[in-house]
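First up is the structure itself, then whatever we jot down about it.
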Amino acid sequence: MNDQELLKVLKTRRSVRRFLPGSIPESDINKIILAASWAPSGTNHQNWHFIVINSKAIIEALSDTVKKTVSDYAAEIKLDSARHGFLNYTGYFTFFRQAPHVIAVVKKPYDSITQKLMRRYDLPDNFLTSTDVQGPAAAIQNLMLMAHAMGYGTCWMTGPLIAREKMESILEIKSPDQLMALIPLGKPEFLPPAPRRKDVEGIVEYR
Ligand SMILES: Cc1cc2nc3c(=O)[nH]c(=O)nc-3n(C[C@H](O)[C@H](O)[C@H](O)COP(=O)(O)O)c2cc1C
């Protein structure tokens with residue numbers, strides 16, 4: 002694959018929010034997880050875990066708990082327009098209900114060698130930000146790109162984390178592991194138009 006072909010794959014991946022009925026073969030899902038496993042991670046710690054949820058009952062239980070959490074919070078918002086705005090927006094937290102598969106991405110704890118050393122000698126370690134998140138985030142991107150290359154649709158979702166603890170309990174994820182994102186996966190009903198990107202000149206500077 003040359004650079005133009007790679008760029009085409011990167012540019013044509015979309016966040017898919019509508020799925021056709023029908024599941025995906027497990028061999029394809031394993032290929033997608035294999036792609037995730039080739040992401041870089043701090044000290045090659047690979048501090049990620051993927052729960053592939055095929056069970057409609059579990060997907061619905063997750064979606065129900067997000068919906069309930071949202072409506073409980075919405076009830077606290079006194080201003081009608083703000084409450085309606087919040088409720089409209091939270092459709093983006095629950096559409097995974099319609100997907101044939103949902104991948105729950107779990108972040109496992111990661112303490113870098115530097116962190117361990119600095120802590121042991123009582124030195125500051127707060128210069129390291131989110132090192133535990135960065136590997137799993139790279140894995141998610143790999144996963145989504147592989148799914149796209151195979152003709153499947155995905156969407157990186159953190160909105161449902163509004164009900165993170167309840168979803169962790171449904172999925173039996175125990176602390177210090179943490180649910181990081183839900184990725185619905187399936188055949189796309191359609192690919193939405195590409196949201197505009199900032200120009201390169203606006204996001205880069207050379208010194
Ligand atoms: C960390 C992260 C969290 C996101 N959470 C949600 C979400 O909860 N619900 C949703 O519909 N889209 C979510 N998205 C998708 C973004 O809205 C989407 O990537 C962005 O609008 C660009 O569109 P594209 O992915 O089609 O290029 C999330 C994306 C990222 C990277």
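Going by this note's numbering, the sequence shown opens with residue 2, and the numbers climb by one from there. Ideal placement from N, C-alpha and C gives every residue a C-beta, glycine not left out.
- prompt: In the segment 126-203, which residue ranges form an unbroken alpha helix (DSSP H) of at least 4 residues, counting only runs that do not cross its ends?
  reply: 132-150 and 165-172
- prompt: With which residues is V1 paired in a DSSP beta bridge?
  reply: No answer is possible for residue 1: it lies beyond the span of the chain, which begins at 2 and ends at 208.
- prompt: Counting by C-beta, which residues lie closer than 5 Å to a heavy atom of ligand 1, in chain order?
  reply: R15, S16, Y93, W157, M158, T159, G160 and P196
task: Name the two residues that bound the continuous alpha helix (DSSP H) containing F94.
output: What you label residue 94 is simply residue 93 of the sequence shown in a count that begins at 1. That run of the alpha helix (DSSP H) goes G92 to T95.
field: Length of the line joining the Cα atoms of D112 and F96
entry: Along the sequence shown, one-based indexing puts residue 112 at 111. Along the sequence shown, one-based indexing puts residue 96 at 95. Using only the alpha carbons, I get a separation of about 34 Å.
Member of R14, D123 and R98 whose CA lies at the smallest distance from the CA of K68: In the sequence shown, the residue the question calls residue 68 occupies position 67. Measuring from the Cα of K68, the nearest candidate turns out to be R98.
Same chain only: Cβ atoms within 6 Å of I34, ignoring 5 sequence neighbours per side: By 1-based counting over the sequence shown, the position of residue 34 is 33. So the qualifying residues of the chain are F51.
- prompt: Got a sec, what are the start and stop residues for the alpha helix (DSSP H) R120 sits in?
  reply: Numbered from its first residue, the sequence shown carries residue 120 at position 119. From DSSP, the alpha helix (DSSP H) with R120 extends over I114 to R121.
- prompt: According to DSSP, which residues form a beta bridge with F20?
  reply: Here residue 20 refers to the residue found at position 19 when the sequence shown is read from its first residue. DSSP output for F20 lists P189 as bridge partner(s).
query: Are there 16 or more other CB atoms within 10 angstroms of the CB of V106, so buried, or fewer, so exposed?
result: Position 105 of the sequence shown, counted from the first residue, corresponds to residue 106. V106 should be labelled buried.
task: Return the residue from the list I163, P137 and P125 that minimises the CA-CA distance to W39.
output: The count along the sequence shown starts at 1 and reaches residue 39 at position 38. Selected option, being the one with the closest Cα: P137.
message: Whole angstroms are fine: how far does the CA of M151 sit from the CA of K57?
response: Taking the sequence shown and counting its residues from 1, the one referred to as residue 57 is at position 56. Taking the sequence shown and counting its residues from 1, the one referred to as residue 151 is at position 150. Looking at the two C-alpha atoms, the distance is approximately 23 Å.
- request: Below 8 Å CB to CB, which residues in the same chain sit around N55 once its five sequence neighbours on both sides are set aside?
  value: As a position in the sequence shown, residue 55 is number 54, starting the count at 1. Taken in chain order, the residues that qualify are S24, P101 and H102.
query: Taking the alpha-carbon positions, what's the Q135 to S42 distance?
result: As a working note, residue 135 is residue 134 in the sequence shown. As a working note, residue 42 is residue 41 in the sequence shown. In a straight line, the C-alpha of Q135 is about 7 Å away from that of S42.
query: Is the Cβ-Cβ distance between I163 and V71 less than 8 Å?
result: The residue given as residue 163 occupies position 162 in the sequence shown. The residue given as residue 71 occupies position 70 in the sequence shown. Result yes, Cβ atoms of I163 and V71 sit closer than 8 Å.
Whole-angstrom distance between A62 and A76, CA atom to CA atom: Taking the first residue of the sequence shown as 1, we reach residue 76 at position 75. Taking the first residue of the sequence shown as 1, we reach residue 62 at position 61. Computed Cα separation, rounded: 21 Å.
task: Name the one or two DSSP bridge partners that H102 has.
output: Sequence index remark: in the sequence shown, residue 102 carries index 101 (1-based). BP columns for H102 point to L186.
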